[in-house]
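Here the protein sequences come in this chain order: A, B and C.
Okay, so the first sequence: first residue is 1 according to our numbering, each after it adds one.
Okay, so the second sequence: first residue is 1001 according to our numbering, each after it adds one.
Okay, so the third sequence: first residue is 2001 according to our numbering, each after it adds one.
The C-beta atom is built at its ideal place from N, Cα and C for all residues, glycine as well.
Predicted, not measured: the structure shown is a model, and the values here were computed from it.
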Amino acid sequence: MKNDILNQSVSQKSPPLSVQDLWVEYKIERGMVKAVRGVNFDLRKGESLSLIGESGCGKTTLGLALIRLLVKAATIRQGQITYRRDGRTTDVLALKERDMRYFRWRECAMVFQSALNAFNPVLRIWDQIYDTIKAHDGMSRDQARESALRLLGYVQLDPERVIDAYPHELSGGMRQRVLLAMSLLLDPQILILDEPTTALDILTQRTILDLMKRLKAEMGFSMIFISHDLSIAAELADRVATMYAGGIVELGPVNDIFYRPAHPYTLGLIRAVPTVTGEFEDLVSIPGSPPDLIDLPSGCTFHPRCPYTTDRCRAEEPVLTLYEEDHAVACFHSDQVRREADVMWKQQDHHAAGDM
Amino acid sequence: MAEYLIETRNLTRTFGSRREKVTAVDNVSLGIHEGEVVCLVGESGCGKTTTGKMIAGLLQPTAGQVLYRGRDVWAQDKNSFKDYRLGVQIVHQDPYASLNPSHTIYQILSAPLLHHSLATDRREARERVAKLLGIVDLTPVEDFLTKYPHQLSGGQRQRVSVARAITVDPSFIVADEAVSMVDVSIRVGLLNMLSRLKEELGVTFLFITHDLAVAKFFAWEGRIAVMYVGSLVEVASTPQLVNDPLHPYSKALLAAVPEADPVLTRHKERVRLRSQDIPSLLDLPSGCRFHPRCPFFEEGLCDVEWPALAPVGDGRYVACHRAAQG
Amino acid sequence: MTETTVRGTRTTFHWIGGLFLALGTFLKNMSRNKIGFLGFLMFIGFVLLTTVGPKLVPEANRADLTAIYQPPSREHPMGTDSQGKDIWAQIVHGGLDILEMALLTGVISTFIGITLGSLSAIIGGRLDSFLTTLADVWLTIPRFPLLAVLATLIQLNSVVMLALILSVLSWAGLYRAIRAQVFSLKERDYVEAAVALDMGLRHIIFSEIMPNMMSYIAISFTFSMTAAIYAQVGLVFLGLVPLTRNWGVMINLAWTQGAIFFRDSVYFIMMPVTAIALFQLSIVWMSRSLEEVFNPRLRSR
Chain A
1 MKNDILNQSV SQKSPPLSVQ DLWVEYKIER GMVKAVRGVN FDLRKGESLS LIGESGCGKT
61 TLGLALIRLL VKAATIRQGQ ITYRRDGRTT DVLALKERDM RYFRWRECAM VFQSALNAFN
121 PVLRIWDQIY DTIKAHDGMS RDQARESALR LLGYVQLDPE RVIDAYPHEL SGGMRQRVLL
181 AMSLLLDPQI LILDEPTTAL DILTQRTILD LMKRLKAEMG FSMIFISHDL SIAAELADRV
241 ATMYAGGIVE LGPVNDIFYR PAHPYTLGLI RAVPTVTGEF EDLVSIPGSP PDLIDLPSGC
301 TFHPRCPYTT DRCRAEEPVL TLYEEDHAVA CFHSDQVRRE ADVMWKQQDH HAAGDM
Chain B
1001 MAEYLIETRN LTRTFGSRRE KVTAVDNVSL GIHEGEVVCL VGESGCGKTT TGKMIAGLLQ
1061 PTAGQVLYRG RDVWAQDKNS FKDYRLGVQI VHQDPYASLN PSHTIYQILS APLLHHSLAT
1121 DRREARERVA KLLGIVDLTP VEDFLTKYPH QLSGGQRQRV SVARAITVDP SFIVADEAVS
1181 MVDVSIRVGL LNMLSRLKEE LGVTFLFITH DLAVAKFFAW EGRIAVMYVG SLVEVASTPQ
1241 LVNDPLHPYS KALLAAVPEA DPVLTRHKER VRLRSQDIPS LLDLPSGCRF HPRCPFFEEG
1301 LCDVEWPALA PVGDGRYVAC HRAAQG
Chain C
2001 MTETTVRGTR TTFHWIGGLF LALGTFLKNM SRNKIGFLGF LMFIGFVLLT TVGPKLVPEA
2061 NRADLTAIYQ PPSREHPMGT DSQGKDIWAQ IVHGGLDILE MALLTGVIST FIGITLGSLS
2121 AIIGGRLDSF LTTLADVWLT IPRFPLLAVL ATLIQLNSVV MLALILSVLS WAGLYRAIRA
2181 QVFSLKERDY VEAAVALDMG LRHIIFSEIM PNMMSYIAIS FTFSMTAAIY AQVGLVFLGL
2241 VPLTRNWGVM INLAWTQGAI FFRDSVYFIM MPVTAIALFQ LSIVWMSRSL EEVFNPRLRS
2301 R
C-alpha cells in the first residue's frame, strides 16, 4: 500500500494523524467544486508539515476538513482520517458532533487565516479564553487562568497586562501570539495553522516564526501549516507538501523539495520566488493560471502549464508515488525536472545544494 | 546633475485635529530621475502609501512640495496641473477594488480615451483599447473586452489596472503594492510586464512594497528607499542596500526576512532588537525614532538628537548617527 | 433604398432587439429570487388592476339599499357596502390614486435624496454640515401631526400636491442613507483612479458612483413608496384629505359606519385593508429581486 511505503523509518511508526484518499467537494451554482482530490499523507510525531499552494488549490479546505469545520455545502465524499494518541486510535470522520467538539482544541487545534479578526471586540482576552475552554469541556476556572497566564508568558507577552486587555488594545502581532497561546491551552497533539503570518509585518512575522519554532521544540506538538509563501516553509518545515488543484503533487523533506524538486509545479514555484540576500536571480513565471476546480483539465491537472507535457500527461493523471527515499511525487517526468533543478541551483553557485 | 522627473522636498502630511495630530509622513525629500525605478519599502504604518498618494497628487501635503519636471504641482496654473495629473498615474493594490464592477473592460479602458479625445470615435477607441490590452498581455483581446471585472482573475485585473493607467501615456507610475495580493507564480509575470513598460515606453516607477524580495527583483538596477514611522532612514542602490545595509532598521529587515532557501534562511544571522514594540504615531520616541529598538543605541545621542538623512558617499543616504560617523 | 434608409432600418432593428434582450435579462434576473419574482408579478397585477381594470369593470355608482352588506356572491365577488354598492368595483377603481401617489412620491423623494446626498458627500465642507444639521432637525419633526395640520391649511385634493408634500417631509432619511453610501463609494480605488485620470466630477458621480448605488436607490425607492402609501391611507382614514373613492376612503367610510361590528359588513372594511396590505407586500417582496437585477456580478456573456 502506498501509505505503508511512505512510512518506513522509526519515527514514522504511529503517526498522530493519517489521511487516506480524502475527497472533499462542494456544490455551488455553477457546478461541483472538487476542492480536495485523493489526498494521502501522514503527519509524523513532532514534525512540522507545510502545505504549500496558491489560491484555489484546496489547502484551506483540506485544513478545515481535518477538523471537520467545513461549510454546509461541502461534503467529504470519501476517505479516512485517523488520529492516534497514547495507543488510542480514532476515526475522525466517524466521530459524533459532541466528540468532535472534544477533539477540536483538545487534540487538534486550528488557528485560522483571518485569525486577527477572530476576537470579539467587546470581550476581554480572558473572557474569550475562558469561553473557549468552557466550550471544549476543559478545566476549572482557576486552572484555566493559571494555564492561560503561563502560556501568555510563553509567547513572550506580558501575561497580566494582556489577559485583561481588549483586542483592539493589542497589535496584530500580539493578537496572533494570543491565538497561539489559546490554541495550546488544552495541550493538543496537533496544531493546524492557516496562513499564520500573512497579515503581519516583516519584523513581527520574524518574532512569530521564531516563537513557533521554540514552542514546537519545547512542547513537542506536531504542526501542519498552510501557506502560499514558500519562504515560510523554508523557514519552519520539516517536510513540505505542494498542492495543486486539490491534490498533493509532491511530498518530501524540506531540503529535497527545495534543492531537489521532482515536480514541475514545485520547480516553477521555486523559480518564481526571489531571495532577498545575495545576487540577482532572474525569475521565471509559470504560464497560465490555476485551473477551475469545477472544470479540471484532463489527465494531469498541471499539464496545460507544464513545459514537459506529453500525450501521456494529457490522458493519464499521475498518482503520488515514491521517487526516492521519503520523497514522493505525482509526475511522469520527474527525472527531467530534477535535471533542470540541478542546473538551476548550480548556476546560482549554491553551496548547500552541493552539500545536500 | 540631471533634473529630476519627480522630486519631493520636505514632504509632510499630518492627520487629525490640532490636539491629536498624527504625522504620517515627516519631511521626506527624495528625487527620482526619468527612467528610474525607485522602490519605497517599509512596514505597515510607515507612511509609504501616503507618500505615494502625495506624489501622485491624490493627496495634498500639509507641508513641503512635490515637484513635477521642476514645478511645484500645487502652485501651478490649471493647464500645467492637468499635464501633471495625466503624467502621473497610480496602480492600486487590491485587484478586487481597483476596477469599477459595473463597467466592462472595454468601458473601463475606453472612458479615459474618449474623455480626453485620445480617440475620436468608437472604432478608434476599440483599436486603441486592443493595443493596450496587447501591451499588458491580455490576449486574445476579444476574450476580455465585454467581460466584467468579476469574471477576471486577480492577476488579469491588475493588468487591466495597468492598462488603464497607461491610456493617457503617463511618464510616471506609482505602483502601490501592485503585486502584493496576487499569487506568487503570477507575480513574476506582472513584474516582468511592468519592467517592459519601463524599457519600451520609458515609464518611470515608484514601486511601493513591504516585500523586500520583490523590491530587489524589480529595482535591481534602481534604488531602494527605506521608510520607518514616517521618515526616510536609508536610500541606496538596490545591490548596495541588499548586500550592505547601513541603517540598523534596514539591517534588521533584511535579516528578518525568511528566504525561499532552507539552508540560507535557517543560518541567516538575525539582528536582535531591543524591543518588539512599534512606536505609536501619537507618542513618538524622542530623537531617533528607532532608538528604543536599536541594538546600536547610544544613550545621550540617539534619544536626544534627530539624525538627518545625510549623504555617506557613493550616492547613499542614511539617517543614523552611527552610520554617519562611518 | 438609400444607404441611410438601410442603415436606419438596421439601427431600428438593433434597438428593438436590444430592448428585447434587456427585457429578457431583466426578467431573468428578477426571477432569481422566488419571492422577489412573486412580488414582482403581484405588483404588475396590481398595476394592471388599477389601470386597465377600470376600463373593464363599471363603476359602482348606483346605490341599492336593498342589497346592503351582502356577502360575496357571483354578482358581487366581494360583497356590497353600506349603500349596496359593489365592493369589487370600488376596489378596482380605487387603487389608481394610491398607485399614482406612491410612484410619484417615490420618484420625487428619491430624486431629492440622491441629489442632496451625493452633493453633500462629494462637496463636503459647509454644504455638508448645513444639510446634515438640517436633516437631523427635520427627522425630529413628527411627520403625521404635521401632515394633519397641513391638511387643514392647504387643499390636499390633488395627488401631485400630496406627493410633493410627503416627499418634502420625508427627504431626510433618504438623504442620510444616500450620503453614507456615496461617502463609502467615493473612497474606492476605482474612484481614485478616475481622479488620477482627470475624468471630472460629472463622470465620477454618474459613471463611477451612481451605477454602484443602483440597487440601493431602487430599494430606497420601494420603501419610500410603502411609506407614502401608509401616510396617505392614514390621512384619508382620518378624513383629512378630500379625495375621491379610493381604498383609504373606503376604510374611512367603513369605519365611520361601524362596519367592523357586524359580521356581514366586515367585507367592506377588510377588502380595502387587504388590498393595501397585499400591495405593500408586493412592493416589499419585489425589492428582494431588485438587488439581483442591479448586481453587476450576475451579468455575464
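### Query
Taking the C-alpha atoms as reference points, what is the distance between Ile208 (chain A) and Asp1277 (chain B)?
14 Å
### Message
Within 8 Å of any Cβ in chain B, is that where the Cβ of Ala94 (chain A) sits?
### Response
no
### Task
In angstroms with no decimal places, state the Cα-to-Cα distance between Tyr1148 (chain B) and Phe2020 (chain C).
21 Å
### Message
Against His1115 (chain B), what residues of chain D qualify as contacts under a CB-to-CB distance less than 9 Å, listed in chain order?
### Response
Structure shown: chain D not included; protein chains present are A, B and C.
### Query
Would you call the stretch 232-241 of chain A and the stretch 254-271 of chain A touching, i.e. three or more CB-CB distances under 8 Å?
yes
### Query
Would you call Lys2034 (chain C) buried or exposed, if buried means 16 or more other Cβ atoms sit within 10 Å of its Cβ?
exposed
### Task
Using beta-carbon positions only, say whether Leu230 (chain A) and Ile270 (chain A) come within less than 8 Å of one another.
yes
### Message
If you reduce the DSSP assignment to three classes, tell me which class Asn2246 (chain C) lands in.
### Response
coil
### Query
Measuring CA to CA, which of B:Glu1269, B:Lys1048, B:Arg1019 is closest to Phe1207 (chain B)?
B:Lys1048
### Task
Below 7 Å between beta carbons is the criterion; list the residues of the stretch 1264-1275 of chain B that meet it against any residue of chain C, in chain order.
none
### Message
Cutting at 7 Å between CB atoms, please list the residues of its own chain near Lys1216 (chain B), excluding the five before and the five after it.
### Response
Thr1238, Val1242
### Task
With DSSP as the reference, label Glu54 (chain A) as helix, strand or coil.
coil
### Query
Would you say Glu2192 (chain C) reaches chain B, if we count a Cβ-Cβ gap shorter than 8 Å as a contact?
yes
### Task
Please look up how many angstroms separate the CB atoms of Ile2229 (chain C) and Ile2141 (chain C), rounded, as I've assumed it's under 8 Å.
That belief does not hold up - the Cβ atoms of Ile2229 (chain C) and Ile2141 (chain C) are roughly 20 Å apart, past 8 Å.
### Query
Which residues in the same chain have their Cβ closer than 8 Å to the Cβ of Asp164 (chain A), if we skip the five residues on either side of it in sequence?
Arg124, Ile125, Trp126
### Query
Rounded C-beta distance between Trp2247 (chain C) and Pro2272 (chain C)? I'm assuming under 8 Å.
4 Å
### Query
If you pair each beta-carbon of the stretch 167-183 of chain A with each one of the stretch 91-103 of chain A, do three or more pairs fall below 8 Å?
no
### Query
Below 8 Å between beta carbons: does that hold for Arg1159 (chain B) and Leu1138 (chain B)?
yes
### Runs of alpha helix (DSSP H) lying entirely within the stretch 1186-1228 of chain B, each at least 4 residues, in chain order
1212-1218
### Burial state of Asn40 (chain A), where buried means 16 or more other Cβ atoms lie within 10 Å
buried
### Task
Please go through the same chain and pick out, in chain order, the residues whose beta-carbon is closer than 8 Å to the beta-carbon of Arg2245 (chain C), but skip the five residues on each side of it.
Gln2090, His2093, Gly2094
### Query
Could you check where the beta strand (DSSP E) with Cys1039 (chain B) kicks off and where it finishes?
1037-1041
### Query
Is the CB-CB distance between Cys331 (chain A) and Pro264 (chain A) below 8 Å?
yes
### Task
Tell me Thr1023 (chain B)'s beta-bridge partners as DSSP assigns them.
B:Thr1014
### Query
What three-state label does DSSP hand Pro1101 (chain B) in the structure shown?
coil
### Query
Can you tell me the Cα-Cα spacing of Asp1026 (chain B) and Leu1011 (chain B), whole angstroms?
7 Å
### Task
On the DSSP bridge assignment, give the partners of Gly252 (chain A) in chain order.
A:Val240
### Task
Leaving out five residues on either side along the sequence, give the residues of the same chain with a beta carbon under 8 Å from the beta carbon of Val2236 (chain C).
Leu2243, Asn2246, Gly2248, Val2249, Ile2251, Asn2252
### Query
DSSP three-state call for Trp345 (chain A): helix, strand or coil?
helix
### Length at least 4, wholly inside the stretch 1254-1309 of chain B: the alpha helix (DSSP H) runs in chain order
1262-1266
### Query
Is the shortest distance between the beta-carbon of Leu1284 (chain B) and the beta-carbons of chain C less than 8 Å?
no
### C-beta contact flag for Pro1095 (chain B) and Arg1157 (chain B) at 8 Å
yes
### Inter-residue Cα distance where the pair is Val1203 (chain B) and Ser1161 (chain B)
15 Å
#### Entry: Residues of the stretch 227-259 of chain A with Cβ closer than 7 Å to any Cβ of chain B, in chain order
His228, Leu230, Ser231, Ile232, Ala234, Glu235, Val254, Asn255, Phe258
### Message
I need the straight-line Cα distance from Pro1292 (chain B) to His1092 (chain B), nearest angstrom please.
### Response
33 Å
### Message
Helix, strand or coil, according to DSSP, for Tyr2175 (chain C) in the structure here?
### Response
helix
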